[in-house]
Each structure stands twice: as structure tokens, then as C-alpha cells.
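Reading through the C-alpha cells given below for one structure.
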Amino acid sequence: MPSLRSVLRHPAYRTGLGEMAGVSLGIAAWGLVTGVAMVKGGLSVPLALLMTFTVFAGSAQLATIPLIALSAPVWVIWATAFCVNLRFVIFSAQWRPYFMRFPLKQRLMLGYFSGDLNYVLFMRRYAVPPTDGDVPEGQIEYFWGSVSANYLAWQIPR
Numbered sequence: 577m578p579s580l581r582s583v584l585r586h587p588a589y590r591t592g593l594g595e596m597a598g599v600s601l602g603i604a605a606w607g608l609v610t611g612v613a614m615v616k617g618g619l620s621v622p623l624a625l626l627m628t629f630t631v632f633a634g635s636a637q638l639a640t641i642p643l644i645a646l647s648a649p650v651w652v653i654w655a656t657a658f659c660v661n662l663r664f665v666i667f668s669a670q671w672r673p674y675f676m677r678f679p680l681k682q683r684l685m686l687g688y689f690s691g692d693l694n695y696v697l698f699m700r701r702y703a704v705p706p707t708d709g710d711v712p713e714g715q716i717e718y719f720w721g722s723v724s725a726n727y728l729a730w731q732i733p734r
């Protein structure tokens with residue numbers, strides 16, 4: 577994977593950032609609502625903040641908050657979050673041809689920062705998967721630009 581400095585300076589990074597900026601207000605609102613719901617659902621502010629930084633998935637957070645409030649068994653909470661996030665398995669399968677060239681550790685990081693709208697924007701821009709050795713210029717930089725905007729829009733309102 578390219579260095580952070582080269583990613584941030586690449587024009588495709590700014591393109592991804594700009595395209596995601598168009599939907600960032602909606603993501604920020606969703607993040608704010610989820611944060612309020614976590615605290616109103618009985619989580620302390622520090623625990624809600626910990627959850628938001630470790631579980632970067634608003635739907636899973638909203639689905640598990642009532643279960644946590646009811647002291648449901650941990651396996652039920654985990655199973656609920658797993659089922660809600662199954663769409664990321666589909667995203668990963670679609671992204672495989674784009675990112676399989678990276679080591680597992682880097683692919684896990686790409687997966688953690690991915691989101692629904694990042695997936696949509698990325699697949700719209702790079703609809704045709706690369707063939708062996710034919711990776712479009714700026715592809716990973718575009719991805720990092722869009723996920724940067726998404727992550728910041730999600731975290732800042734909290």
C-alpha cells in the first residue's frame with residue numbers, strides 16, 4: 577500500500593473526499609442520532625464513545641443498544657451485530673478483485689473503514705474489476721479519500 581503522504585497528496589484522494597463530502601451531512605446526522613440513542617439507551621458517554629470507535633457500523637449499534645439495555649446474553653448481542661453486518665460480506669466479495677493484492681493486515685484495515693456509501697461510490701467509479709496487473713491509477717487513493725470523509729462525518733458529531 578502506498579505511504580500515507582503519497583495517498584494524501586494524490587488527486588484521486590481529493591476526488592474521493594469530494595464525492596463523499598456530498599453525502600457527509602447525512603452521515604453526520606445518522607452518527608449524531610446513533611450517539612444520542614446509545615446514551616438514551618442506557619450506555620454511559622465513555623462506553624458509547626468506546627463503542628463508536630470500535631464498532632464502526634451504525635446499524636449494528638442501533639440494533640444492539642436495546643439488547644444491551646435489556647442485559648441480553650452476549651452471544652445474542654454478537655449474533656445480532658453479525659446478522660446486521662452480513663452485507664459487508666457481499667461488499668468484501670465484490671471488492672476482492674480490487675484489494676486482494678494487499679496483505680491480509682491491510683485488507684482488514686480497508687474492511688474496517690469501509691461503509692455502505694463508500695462501497696456505492698467506489699463501485700460506481702471502478703465498475704470493471706482490474707485484471708491481473710492492470711490496476712487503475714489512484715484506485716486505493718480514491719478509496720481512502722472517501723472513507724476518510726465518511727469516518728470523520730461519522731465520528732465528529734459524537
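Take any residue in the sequence shown, note its place counting from 1, add 576, and you have its number in the working numbering.
The C-beta atom is built at its ideal place from N, Cα and C for all residues, glycine as well.
All of these numbers come straight from a predicted model, not from anything done at the bench.
Boundaries (first-last residue) of the alpha helix (DSSP H) holding residue i
i, result
"residue 692", "692 to 701"
"residue 635", "634 to 645"
"residue 518", "In the structure displayed, the chain extends from 577 to 734; residue 518 sits before or after that span and is not available."
"residue 585", "580 to 585"
"residue 620", "Note, residue 620: premise wrong, no alpha helix (DSSP H); not H, not E."
"residue 656", "650 to 660"
"residue 706", "Run containing residue 706: none; DSSP gives neither H nor E here."
"residue 685", "680 to 689"
Contact under 8 Å by Cβ, residue i with residue j
i, j, result
"residue 727", "residue 588", "no"
"residue 634", "residue 602", "no"
"residue 694", "residue 723", "yes"
"residue 673", "residue 705", "yes"
"residue 600", "residue 725", "yes"
"residue 657", "residue 636", "yes"
"residue 678", "residue 577", "yes"
"residue 733", "residue 624", "no"
"residue 662", "residue 675", "no"
Coil, strand or helix - residue i by DSSP
i, result
"residue 673", "helix"
"residue 577", "coil"
"residue 663", "helix"
"residue 734", "coil"
"residue 711", "coil"
Report yes or no: do the stretch 613 to 629 and the stretch 640 to 658 share at least 3 C-beta pairs separated by less than 8 Å? The stretch 613 to 629 is in contact with the stretch 640 to 658.
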